[in-house]
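Enquirer:
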Amino acid sequence: MSLDFALKTQLSATEEARRQIEICNACRYCEGFCSVFPAMTRQKAFADGDLTHLANLCHNCRGCHYSCQYTAPHEFALNIPAALAEVRQDSWERLARPQTLARLFHERGVAMAGLLVVALTLFFALIAALRPTGGDGFYAYMAHNVMIAIFIPAFLAPLALIGLSLRDYWREVEGGPLRLRHLLKAGDMAGRMKNLNGGHGDGCNFEDGDRFSQKRRIAHQLMMWGFLACFASTSSGTILHYVFGWTAPYPFWAPPKLLGVPGGLAMVAGALGLALLKLKADPDLGARRVWGGEMAFILLLGVVALTGLVLYAATGTAAVGPLLAIHLATVMTLFLLMPFSKMIHGFFRFTALVAEAGKLEKTR
Amino acid sequence: MTETPETYDIAIVGGGNAALCAAITAAEAGARVIILEGAPVPYRGGNSRHTRNFRCMHRGPMSPLTGAYEEDEYFHDLMLVTKGKTEEHLARMTIRSSEECLPWMQEHGVRFQPSLSGTLSLSRTNAFFLGGGKALVNAYYNTAEALGVTVVYEAQVRHVHRDGQAITHLDVEIAKAPPVTIRAKAFVLASGGFQADLDWLARAWGPSARNFLIRGTPYNRGVVLKDMLDQGADSVGDPTQCHAVAIDGRAPKYDGGIVTRLDCVPFSIVVNRDGQRFYDEGEDTWPKRYAIWGRLVAAQPDQVGYALIDAKSIDLFMPSVFPPIVADTIPELAAKMGLDPAAVQATVNDFNAACRPGTFHPTELDGLATEGLATAKTNWARPLDQAPFYGYQLRPGVTFTYLGLKVSDSAQVHTPEGPITNLWAAGEIMAGSILGQGYLAGFGMTIGTVFGRIAGKEAAAHVA
Ligand SMILES: Cc1cc2nc3c(=O)[nH]c(=O)nc-3n(C[C@H](O)[C@H](O)[C@H](O)COP(=O)(O)OP(=O)(O)OC[C@H]3O[C@@H](n4cnc5c(N)ncnc54)[C@H](O)[C@@H]3O)c2cc1C
Ligand code: HEM
Ligand code: SF4
Ligand code: SF4
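Listed in order, the protein sequences are those of chains A and B.
The working numbering applies: residue 1 is where the first sequence begins, and numbers increase by one.
The working numbering applies: residue 1001 is where the second sequence begins, and numbers increase by one.
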C-alpha cells in the first residue's frame, strides 16, 4: 500500500509522489499556493498520468514545503517540491527520443560543455574553410546561406522530436480537445508566471528559506522574455533578409537590434540572477541528480546572450570572426539540446498549463 | 546554576500562535523580548502549526470571509457547544476583538485563502490560513525576528519562580543542558495544555488514556501549567476532561494532525471490538457530531471502534490519509480487521433489516432512519449491501485539555491572594476560561491571537 512508510526508500519516483500526494489530498492546506492543489482535489486515486500532470504543473515554488507540518523529521516525510521534481524529470526523460540521449545532458553539465567544444571546433573550421569572398559584417565570415543551411535543420529537427514527446505527454495525462482559449489561458499563466507568485502575490520560497520573494520570478521572466525577444530578433532578421531583401548589419533602430539588444541584456541579467539564486537554494527541494545539468543550462543561456552582445559591440573589428564562431557554437548547442536539457521544461510546463485549462473547464 | 548574562524586558514561554502574537505586540511597543520555545526548529509552533483557520467576527464581507458573522450569532454558537460553560464577559470580549485580528494578522505576514474544498460550510465564519498553521507560524517568526526578538529553541522551561505576587526568573533547560536562569521584568506563559503527557492524562482519565492518540505536538506536556498550579495559581476548566475526536487508528502516536481525521461516520455503521453498534451514527451532520465520537470510542472496550461502509457510500466523504481495509464480504472484512465475523455479520443483518426505503440525501438531515433497533441510526441509514465493503479503525485522538490558568480580561494570571503583578497567560493554557466544554472550530486560534496580543501589550506597558 502506498502508505507503507517503512518501504519509502524503495519506492519509485511515481510511487513516492503518490504516497505524498495522497497525504496532501487529505490535508489541502496548501490549496491556494498554485495550480497543483486544485488539480489534485479532482480525484481520490492517482493514476501515473495524473501524477505526471501534477508534476509538470508544479513550478517548484516550494511554498508547500516550508508550510508543511509533515516534513522530515516527521514520519510522513513530505517533500512535495522534490517528489514532483523527480516525477517531472523522469517524465521528460521517459518521453524523450531518441532514448539514448535522454539522460546524459540533464545529469552532466560536463557533457554540455563537451558538446559546446565540438560545436566550437566545427564553426572555427567552417569559417576557416568556407570564408566567403564578399559580404558585410559577419556575413564577411560566414555566408548567410551557410548559416541558414546549418541552423534551420539544427532548430527544426529538435523541435520535431519535442513535438513527438509532447504528443505522448498529452496522451499520458489524458488531455482533452485543444481550444484556443486554453492556449490563451496558459499563455497568461506563463507570461506572468502566476504559479511562482505564491497565490498571495508575495512570490515564492527559494533562496531564503521560508521567506517569500519575487527574485526568482523576476529573474526567470527576464530570462524567458529576453529569450523570446532574442528569438524574435533572429526571426525578424530572417524575414527582413528574405522578404524585404534587407541584409545585416542592421542599424540600432531596426527590429533585429531593437529586440536583440534588450533581450540579450535581459537574458544575461536573468542568467546571473538564476545562477546566484540557485547557489543559495536548498538542492534537496528539487531533483538533486540534475542540479549540475540545470546549472550548466543557465550558464549556457547566459553565454549565448553575452556572446551575441559582445559580437554586436565588436562590429567592424578583427574580433568578429572568432566571436562569431563562439556565438554560433553556443546557439547550436542550445538548439541541439532543446529536447535533452532543461530547455524542455518550457515546452512541457506550457503544455501542462494548456491541459489544465481544459481539465478545469470539464470540472465546472 | 548558570545565569544568562542578559536581562530581558519580557520572557515568553512557548513558541506557538499565542506566544508569537504576544512577542510581536510587545516588541512593537519597544520591549526587549525573548521567546523560549521548547521544541526544536522543525517542530516549532506547537499545535498552532496543525491549524487551518480561525473564527472571526465580521459585520460585512471581509476578505476571505463571506457575508456577516456578528457578535450575537458567534456567542450563540459558542453557547451551543459549551452548554453555557463559558464566562460571558471574556467570551464576548474575545469575539469582538476577533474582528480586528484579521487585518492585524495580515499586517504581520499571515496570508489567507478561500475556504478549502470540502469545507464550504465554514466560508462565512472561519478565515483559512494560506498554507495552514505552519505558514502562519513561519510568518510570525520572521516578523518577530525582524523586530529584534530573541528566539531560543529546545528551551524547556522547568520552573517559574514566584516570589509573593511577582515572578522573578525562570529555570530553563536549553538543548538538554543543565538548567540556566533567565531573568526578565515580565513574563507571558503560552505553553499550551498538558495533553502530550500520557501519565497525566492517565491520572485524569484513567489508564485507558494510554491508548489515546495525541493529534498535535508531543511538546505540550503541561510542565509550566502544573508548576503554576502547584504554586497556587487560580485554575479553570475540568481537570479530568480533554477534547477528543475519532481518528484513524493507524495514525502516529503524536503529531498526526489533520490528515488522520475520518469523516465517514454518518455514512457507516460503527461497531466496537465485540462487533456491536453503540451509538446513533446519523444523529446530526458531521461537523456537529465530529467532536463527540472521540469520547464515544474512548468509552468502548480497548478504546477502539470500527466504521463499516459499503461501495455506495465510499466516495461521500473526504479521503483519509490511510486507505481503508477492503473485502468482498462482511465476514471477510471483519476478519481482516480482527473482529468476530459472525458477530459483525449478525449486526449488519439486523441493521440492514431495520433500514427503510426513502430518499437519501448526504448533505442534509434526510430522516432516513432505522426502525426497531435498540440503537437507532436516525439519518442516512442505508443497508450495507454493495460490495466491496470498506472498514476503518477508529481511535480517540486528543486535541487539547481543558484545565488551565484562570485569567482576567487583561490576561493576567491570578492567585487567591490577587493577581501576579508581572505574569500574563495566553492561548491554550488559559482557554478553559472561555471554552469550558466542547469546541467551536477555529476558536482556539482566536483565543490565542486575542489574548496573545493583550498579554503582549499589558506586559510591555508593565516594563515601559
Ligand atoms: C490537529 C489540530 C488541528 C487544529 N486545528 C485548529 C484550527 O483549524 N483552528 C483553531 O482555531 N484551532 C485548531 N486547533 C487548536 C489549536 O491548535 C490551539 O488552540 C492553538 O494552537 C493553541 O495555541 P497556543 O499558542 O496556546 O499553543 P501551541 O501552539 O500548542 O504552542 C505551545 C508552545 O509551547 C511550547 N512549550 C510547551 N511546554 C513548554 C515548556 N515547558 N517550555 C517551553 N516551551 C514549551 C510548545 O513547544 C509550543 O511551541 C487544532 C489543534 C490540533 C491538534
Ligand atoms: C513557456 C513557459 C515557461 C514556463 C512555464 C517556465 C517555468 C519555469 C519554472 C517554474 C522554473 C523553475 C523551476 C525549475 O527550475 O524547474 C523554470 C526554470 C528555468 N527556466 Fe523556465 N519556463 C518557461 C520558459 C522558459 C524559457 C523560454 C526559458 C529560456 C530559454 C526559460 C529558462 C529557465 C531557466 C534557465 C530555468 C532554470 C532555473 C534554475 O534551475 O534554477 N524558461 N522555468
Ligand atoms: S504539503 Fe503538507 S501542508 Fe501542504 S497540503 Fe500537503 S500535507 Fe498539507
Ligand atoms: S512547490 Fe509550489 S508549485 Fe509545486 S506543488 Fe508546491 S506549492 Fe505548488
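Quick reminder that beta carbons are idealized off the backbone N, C-alpha and C, glycines included.
It should be emphasised that the depicted structure is a prediction, and the values quoted were computed from it without experimental measurement.
Just list the alpha helix (DSSP H) runs in the region 1123 to 1203 of chain B, keeping only unbroken ones of 4 residues or longer that don't cross its boundaries, in chain order.
Expert: Fully enclosed alpha helix (DSSP H) runs of 4 or longer: 1133 to 1146.
Enquirer: Taking the alpha helix (DSSP H) that F138(A) belongs to, which residues open and close that run?
Expert: Per DSSP, F138(A) belongs to no alpha helix (DSSP H) and is neither H nor E.
Enquirer: On the DSSP letters alone, give me the boundaries of the beta strand (DSSP E) that G1391(B) sits inside.
Expert: Segment F1389 to T1401, the beta strand (DSSP E) holding G1391(B).
Enquirer: Measuring alpha carbon to alpha carbon, tell me which residue in E361(A), A352(A), Q221(A) and L360(A) is nearest S398(A).
Expert: Nothing about residue 398(A) can be reported from this structure: the residues present for chain A run from 1 to 364 only.
Enquirer: Does at least one heavy atom of ligand 2 sit under 6 Å from the Cβ of A190(A)?
Expert: The answer is yes for A190(A).
Enquirer: Let's test the definition: count the other Cβ atoms within 10 Å of the Cβ of S2(A) and tell me whether it reaches 16, buried, or not, exposed.
Expert: With a pLDDT of 43 at S2(A), under the threshold of 50, the modelled position of that residue is not reliable, and no figure is offered here.
Enquirer: Leaving aside the five residues before and after E31(A) along the sequence, list all residues of the same chain whose C-beta is less than 8 Å from its C-beta, in chain order.
Expert: Once the five neighbours on either side are set aside, the close Cβ partners of E31(A) are F37, P38 and T41.
Enquirer: So, is T1401(B) buried or exposed, given that buried needs 16 or more other C-beta atoms within 10 angstroms?
Expert: Buried, since its Cβ has 16 or more Cβ neighbours within 10 Å.
Enquirer: Are the Cβ atoms of R1124(B) and Y1074(B) separated by less than 7 Å?
Expert: No, they are not a contact pair.
Enquirer: Which residue marks the beginning of the beta strand (DSSP E) containing Y1481(B), and which one marks its end?
Expert: Lying before the first or after the last residue shown, residue 1481(B) is absent from chain B, which here runs from 1001 to 1464.
Enquirer: Check each candidate in A129(A), F350(A), E361(A) and T363(A) and name the one with the smallest Cα separation from Y169(A).
Expert: Y169(A) has its Cα closest to that of F350(A), out of A129(A), F350(A), E361(A) and T363(A).
Enquirer: What separation, rounded to the nearest whole angstrom, lies between the Cα atoms of F252(A) and L272(A)?
Expert: If you take the alpha carbons of F252(A) and L272(A), they lie about 25 Å apart.
Enquirer: Which same chain residues end up closer than 7 Å to D4(A) when comparing Cβ atoms and leaving out the 5 residues on each side of it in sequence?
Expert: Residue confidence is low: D4(A) scores 48 on pLDDT, short of 50, so the model does not pin down where it sits. Its coordinate-derived value is still stated next. Excluding sequence neighbours, D4(A) sits near nothing in its chain.
Enquirer: What residues in the region 1004 to 1026 of chain B bring their beta carbon closer than 8 Å to a beta carbon of chain A?
Expert: So the list is empty, because no residue satisfies the distance condition.
Enquirer: Compare the beta carbon distance of F340(A) and L126(A) with 7 Å and say whether it is the shorter of the two.
Expert: No. Outside cutoff.
Enquirer: Who does G1407(B) pair with in a DSSP beta bridge?
Expert: Residue 1407(B) is actually Val in this sequence, not Gly. In DSSP, V1407(B) forms a bridge with V1413(B).
Enquirer: In the region 1251 to 1326 of chain B, which residue ranges form an unbroken alpha helix (DSSP H) of at least 4 residues, counting only runs that do not cross its ends?
Expert: As far as the region 1251 to 1326 of chain B is concerned, its whole alpha helix (DSSP H) runs of at least 4 residues are 1286 to 1289 and 1292 to 1298.
Enquirer: With 16 as the cutoff for other CB atoms within 10 Å, does T1449(B) come out buried or exposed?
Expert: Flag for T1449(B) reads buried.
Enquirer: Pull up the distance between the alpha-carbon of L1316(B) and that of F206(A), whole angstroms please.
Expert: Near 38 Å, if we compare the C-alpha coordinates of F206(A) and L1316(B).
Enquirer: I think G1015(B) touches A1031(B), with their Cβ atoms under 8 Å apart; what is that distance to the nearest whole Å?
Expert: G1015(B) to A1031(B), Cβ: 17 Å. No contact.
Enquirer: Note the first and the last residue of the continuous beta strand (DSSP E) segment covering R1055(B).
Expert: Start and end: N1053 to R1055.
Enquirer: Could you confirm whether any beta carbon from chain C is found closer than 7 Å to the beta carbon of I1325(B)?
Expert: Of the chains in the structure shown, none is chain C; the protein chains are A and B.
Enquirer: Quick one: is S1433(B) buried, meaning 16 or more other Cβ sit within 10 Å of its Cβ, or exposed?
Expert: Answer is buried; the Cβ neighbour count reaches 16.
Enquirer: Please classify S1048(B) as buried or exposed, where buried requires at least 16 other C-beta atoms within 10 Å of its C-beta.
Expert: With 16 or more other Cβ atoms within 10 Å, it is buried.
Enquirer: Got a sec? Which residues, its chain only, sit under 7 Å from A314(A) by beta carbon, not counting five neighbours each side?
Expert: Correct list, in chain order: V320 and L323.
Enquirer: Between L1373(B) and chain A, is the shortest Cβ-Cβ distance under 7 Å, so that the two count as touching?
Expert: Not closer than 7 Å to any Cβ of chain A, the Cβ of L1373(B) fails to qualify, so no.
Enquirer: Counting C-beta neighbours from all protein chains within 10 Å, is the total for H1076(B) 16 or more, i.e. buried, or is it exposed?
Expert: Answer is exposed; the Cβ neighbour count stays below 16.
Enquirer: Identify whether F244(A) lies in helix, strand or coil by the three-state DSSP scheme.
Expert: DSSP places F244(A) in coil when its eight states are reduced to three.
Enquirer: Considering only the beta carbon of each residue, do A1431(B) and G1404(B) sit closer than 7 Å?
Expert: Yes, these two residues count as a Cβ contact at 7 Å.
Enquirer: Please list, in chain order, the residues of the region 67 to 80 of chain A that have any C-beta partner in chain B closer than 9 Å.
Expert: Hits within the stretch, in order: S67, C68, Q69, Y70, T71, A72, P73, H74, E75 and F76.
Enquirer: May I ask you to check if the CB of C61(A) is nearer than 6 Å to at least one heavy atom of ligand 4?
Expert: Yes - ligand 4 has a heavy atom lying nearer than 6 Å to the Cβ of C61(A).
Enquirer: Around the Cβ of T1329(B), are there at least 16 other Cβ atoms within 10 angstroms (buried) or fewer (exposed)?
Expert: The residue in question, T1329(B), is exposed, as its Cβ has fewer than 16 Cβ neighbours within 10 Å.
Enquirer: Between the beta-carbon of L1078(B) and the beta-carbon of T1066(B), is there less than 7 Å?
Expert: No, the pair does not count as a contact, with Cβ atoms beyond the cut-off.
Enquirer: Would you tell me roughly how many angstroms separate the C-alpha atoms of F1129(B) and R1052(B), rounded to the nearest one?
Expert: The alpha-carbon atoms of F1129(B) and R1052(B) are separated by roughly 6 Å.
Enquirer: For V1151(B), does the count of other Cβ atoms within 10 angstroms reach 16, so buried, or fall short, so exposed?
Expert: With 16 or more Cβ atoms within 10 Å of its Cβ, V1151(B) is classed as buried.
Enquirer: Measure the alpha-carbon distance for A6(A) versus R18(A) and round it to whole angstroms.
Expert: With a pLDDT of only 47 at A6(A), under the threshold of 50, the placement of this residue in the model should not be trusted; the figure read from the coordinates follows. When rounded, the distance between both Cα atoms is 15 Å.
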